Each structure stands twice: as structure tokens, then as C-alpha cells.
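Below is one structure, written out as C-alpha cells; comments come after it.
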Amino acid sequence: MPSKVLVAASTKPLVLSVLSHGKNYGYRIIKEIEALSGGALQWTDAMLYPVLKRMEKEALITAHWVVTENGRKRKYYEITEEGKAQLQQDRQEWLSVNRIFAQLWAPNTDLSLIKD
Amino acid sequence: MTILTKPQVAHVEAHLAHAGLPDGLSGELLDHLCCAIEQEIDKGSTFDAALSETLQNWPIRHLQKLHRDVRFTTKTKPMLYRISAAAALLAGIAFLSPLPWPAEADHVKTLPIELATTVNDFLFEPPTASPIAGVDMKNNLSSGFGMRTHPYFKRKVFHKGIDLKAPTGTPVMATADGQVIFAGDDGDYGISVRILHEDGYVTVYHHLHDHTVQKGDQLLLGQTIGAVGSTGLSTGPHLHYEVRKDDVPMDPLALLD
Chain A
1 MPSKVLVAAS TKPLVLSVLS HGKNYGYRII KEIEALSGGA LQWTDAMLYP
51 VLKRMEKEAL ITAHWVVTEN GRKRKYYEIT EEGKAQLQQD RQEWLSVNRI
101 FAQLWAPNTD LSLIKD
Chain B
1 MTILTKPQVA HVEAHLAHAG LPDGLSGELL DHLCCAIEQE IDKGSTFDAA
51 LSETLQNWPI RHLQKLHRDV RFTTKTKPML YRISAAAALL AGIAFLSPLP
101 WPAEADHVKT LPIELATTVN DFLFEPPTAS PIAGVDMKNN LSSGFGMRTH
151 PYFKRKVFHK GIDLKAPTGT PVMATADGQV IFAGDDGDYG ISVRILHEDG
201 YVTVYHHLHD HTVQKGDQLL LGQTIGAVGS TGLSTGPHLH YEVRKDDVPM
251 DPLALLD
């Protein structure tokens, strides 16, 4: 299970990434992440809703109610243009960090720049 | 795939109604809980078993905390934008790393600060509740936060908290989960309790009639810690309540909606 700080830092980009595949609702967003991580990343269910609310306020996502076939109301979230731009930036950031780790953890990595 | 019937949904709705949430959030959670129950049924559970398990996972207290979290995270207070350890770590990697940035990442050198200001730690709850059950802080102030004439010494001093009117014996509650770091006689402040919460918050309760918690106790939000009194340098029964963030006193009312 990732640490609290990592969860805090990764939640928004993860939500944006899920929504970049199409609109989705709270329960399914949580389940998608759970499935993709092979169960390693399990958000406490309650955690997602404050984040969604905040992201909605920041105009990264929009929400609308849909009445499903069985008459139940469901709140769907959709990524906005602003959200897409944010995701693009988040993506670059996470990839950059990932690249640094990949280099540092590669066998035979030579940290020549700090040798002296 | 199971789809709950209207009467089944009504069971879940009745549970949610107890939490007194706003319509939007309540509707969203209704769908969430129904989905969770449907999934359990798909896995072979009966409706009754799935309902009872799901409702156990979502007690009223959790629902209400979720509501407070939603309110809190959507408030745009600077204190929300706290630099998390993760951001600090990233900053460290980005600025101190001897490795050159990969060429295609040139345009993302703003990384650390950007990330630091967007990280929003929603996993803790600051002390936003009233320390006296059912007493609205704003409408029951006998003395607010900031400069004031001291009621005992009659000279201008900075008031580090707020005074709330209440009769002797009124129960006083912890305003967030935390650990008691002081409980006892605190001289001029009378019988006092201090609670350490997550994220550097400390709440202070002075002039109590008595305290029902001890140093080291783990408390939940809303737990009784003692009763209003007039011990120490006090001119009548009231509660002096303080919120400190990283040792700096702040106006408890600023944490309210």
C-alpha cells in the first residue's frame, strides 16, 4: 500500500487519467484504479468524493446527473479542456520522476557527476 | 449483473437520511452504496448480508466526516495548500539530482513548486467543530480572537482564543480526533486540557470545572473531555477555546464555513 503522501500526490492525476478514457462515476473510478493496480492501490471509498468536489471546483472536471435504466440517479464526471492540460503537465512530471528513478536504479549506473 | 429494486434502494436511502447530508452528496453516495451492494450480491451474497456489510462500512459518523471533508477541501484557504513530504522529496530530486533532466522534459522544470501547491492532503480533519455540543461558536462568543481588554487585568492584551458563553457543567468536546497532551490544573488558566491533532494542530480548553480525560488518551471528535467552569483567573463560567497551528494561535472561527 503506497504511503499517505504518495496517495495524496497521485490521486488527482489518477482521476484525470481515468476520466481521459471517457466519463465515469465515483464507484467505477475507484474500481478502475483498484483493478489497474492489481489491488495494490485501494483508496478508501470516502476519500475520492472530497477530491472530486475539489477538482470540480477547480474546473478540471465537470459533473452531471444521469438517470440510469433502473431509475437511479448517477453523477457522471467528465474531464474538461483545463483538466486535459493539467493531465498533460502531470504526465510530464510523473514521467520525469520515473525516468530519474529508472536511471538511478539501473544496474551499473555511474553517478560520474558527483564522483569528485 | 444485479440491479437493486426500488424497495431495496429505499433501505439504503433510509440509512443515508440519518446522516443529514446535502442532497447532492447524499444522492451520489446512495448510488455508490447501491453499487457496492450490487457487487456483493454478484459475488454470491444475499441482499440482506450485502446491505448489512455495506452499511457497517459506512456508519453515520463516517458519512458525516465525509461531508466535513468535502466542505473543508472545497474551501480555498491558503493552509490547504500544504507542501507535503512527497513534494519536498520531488523538489529534492529535481534540484539536487546530479543527473541531467532528460531532454524532452525541459519544459517541466517548474515541477516541484507546481506540485507542491496542488497537493492537497484530504486524509486529515482539522478542528472545525464547536467544543460545546449544539452551541454555535459565532453566536455565543463573549470574547473573540485578537486584541481586547483583559477582563481580569483590565488592560489591552492579545486574546489567543475565543470565549464561549455556557453555564457551569456544560459538557466540552474534542473538536477533532487527537491525543491528550495535557489535562490538569494550569495555574491562571484553571483546569485545562490540550489535545494534539494531526498536521500540527493543537486545541486548548481553559477554565474547565473538571476534566474527564487524562494525558495520553486517544480521543475521537465529539468525545467529552470535561465540563465548563470558572477555574483559574476567570470572572464567570465560560469556555476559553484555542486552536493553534504549528504553535501559532489562530482564530477558531476562521476554520468554520
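Which chain is which? The protein sequence lines are A and B, in order.
Going by my numbering, the letters in the first sequence line up with residues 1 to 116, in that order.
Going by my numbering, the letters in the second sequence line up with residues 1 to 257, in that order.
Every residue, glycine too, gets a C-beta built ideally from N, C-alpha and C.
Quick caveat: nothing in here was measured; it's all calculated off a predicted structure.
Would Phe145(B) be called buried (16 or more neighbouring beta carbons within 10 Å of its own) or exposed?
By the neighbour-count rule (16 or more Cβ atoms within 10 Å), Phe145(B) is buried.
Flag Ile3(B) as yes if its beta-carbon sits less than 8 Å from any beta-carbon of chain A, otherwise no.
yes
8 Å contact criterion, which Leu196(B) and Gly178(B) should meet: CB distance rounded
Rounded to whole angstroms, the Cβ separation of Leu196(B) and Gly178(B) is 5 Å, and the two are in contact under 8 Å.
Candidates Ala50(B), Cys34(B) and Leu33(B), of which the one nearest Ile41(B) by Cα:
For the residues Ala50(B), Cys34(B) and Leu33(B), the minimum Cα distance to Ile41(B) belongs to Ala50(B).
Does the beta-carbon distance from Ile191(B) to Asp185(B) come in below 8 Å?
Ile191(B) is a Cβ neighbour of Asp185(B), given a cutoff of 8 Å.
Using a Cβ cut-off of 8 Å (strictly closer), state whether His11(B) contacts chain A.
Cβ-Cβ to chain A under 8 Å: no for His11(B).
Would you say Asp31(B) reaches chain A, if we count a Cβ-Cβ gap shorter than 8 Å as a contact?
yes
When the distance is taken between beta carbons, is Leu55(B) closer than 8 Å to His15(B)?
yes
Could you tell me the distance, in whole angstroms, from the CA atom of Ala176(B) to the CA atom of Arg99(A)?
Distance between the alpha carbons of Ala176(B) and Arg99(A) is about 41 Å.
C-alpha distance - Lys43(B) paired with Pro127(B), whole-angstrom precision
In this structure, the alpha-carbon of Lys43(B) lies about 40 Å from that of Pro127(B).
Could you work out which residue in Tyr201(B), Ala174(B), Leu253(B) and Leu233(B) is closest to Leu220(B) when comparing CA atoms only?
Ala174(B)
On a CA-only basis, which of Ala46(A), Leu36(A), Lys31(A) and Trp105(A) is nearest Gln39(B)? Give me that one, please.
Lys31(A)
Do the stretch 20-36 of chain A and the stretch 71-87 of chain A make contact, defined as three or more Cβ pairs closer than 8 Å?
yes
Enumerate in chain order the residues of its own chain whose CB-to-CB distance from Thr62(A) is below 8 Å, with the five nearest sequence positions on each side excluded.
Taken in chain order, the residues that qualify are Glu56, Tyr77, Glu78 and Thr80.
Checking contacts by CB at 8 Å: is Asp110(A) closer than that to chain B?
no
Compare the C-beta of Asp69(B) with all C-beta atoms of chain A and state if any pair is closer than 8 Å.
It does; some Cβ of chain A falls within 8 Å.
Does the stretch 134-151 of chain B touch the stretch 199-208 of chain B, meaning 3 or more C-beta pairs lie closer than 8 Å?
Fewer than three Cβ pairs drawn from the stretch 199-208 of chain B and the stretch 134-151 of chain B lie within less than 8 Å of each other, which leaves the two stretches out of contact.
Under a CB-based cut-off of 8 Å, is Ala46(A) close to chain B?
For Ala46(A), the answer is yes, since a Cβ of chain B falls inside 8 Å of its Cβ.
From Val67(A), Thr109(A) and Asp90(A), residue whose alpha carbon lies closest to that of Lys12(A)
Asp90(A)
Tell me the residue span of the alpha helix (DSSP H) that contains Pro50(A).
Asp45 to Lys57
Given that Leu66(B) touches chain A, what residues does it touch there, using C-beta distances under 8 Å?
Ala46, Tyr49 and Pro50
Cα-Cα separation, Ala40(A) to Ala10(B)
34 Å
Quick one: what's got a C-beta closer than 8 Å to Ser230(B)'s C-beta in the same chain, skipping five residues either side?
Taken in chain order, the residues that qualify are Thr168, Gly190, His207, His209, Gly236, Pro237 and His238.
8 Å Cβ cutoff, Gly27(B) in contact with chain A:
yes
Does the CB of Ala36(B) have a neighbour CB from chain A at under 8 Å?
A Cβ of chain A is located within less than 8 Å of the beta carbon of Ala36(B).
Answer with buried or exposed for Tyr49(A), where buried requires no fewer than 16 other C-beta atoms within 10 angstroms of its C-beta.
Here Tyr49(A) is buried. Its C-beta has 16 or more other C-beta atoms within 10 Å.
Gln214(B) and Val180(B) closer than 8 Å at C-beta:
Their beta carbons are under 8 Å apart, which means Gln214(B) touches Val180(B) by this criterion.
If the criterion is Cβ atoms closer than 8 Å, does the pair Glu82(A) and Leu111(A) meet it?
no
Hey, quick one: how far does the alpha helix (DSSP H) through Arg99(A) stretch, first residue to last?
Counting along the chain, the alpha helix (DSSP H) containing Arg99(A) begins and ends at Glu81 to Trp105.
May I have the straight-line CA-CA distance separating Asn140(B) from His62(B), to the nearest angstrom?
28 Å
Using a beta-carbon distance cut-off of less than 9 Å, what residues from the stretch 23-41 of chain A approach chain B?
Tyr25, Gly26, Tyr27, Arg28, Ile30 and Lys31
In chain order, what residues of the stretch 182-204 of chain B put their CB closer than 8 Å to some CB of chain A?
The stretch 182-204 of chain B vs chain A, Cβ under 8 Å: nothing.
How long is the line joining the alpha carbons of Gln103(A) and Thr109(A), rounded to whole angstroms?
Per the coordinates, the alpha-carbon of Gln103(A) lies some 7 Å from the alpha-carbon of Thr109(A).
For chain B, check one thing: does any of its Cβ atoms lie closer than 8 Å to the Cβ of Asn98(A)?
no
Please report the straight-line C-alpha distance between Leu33(B) and Leu21(B), rounded to a whole angstrom.
14 Å
Check this for me: beta carbons of Asp136(B) and Ser142(B), under 8 Å apart or not?
no
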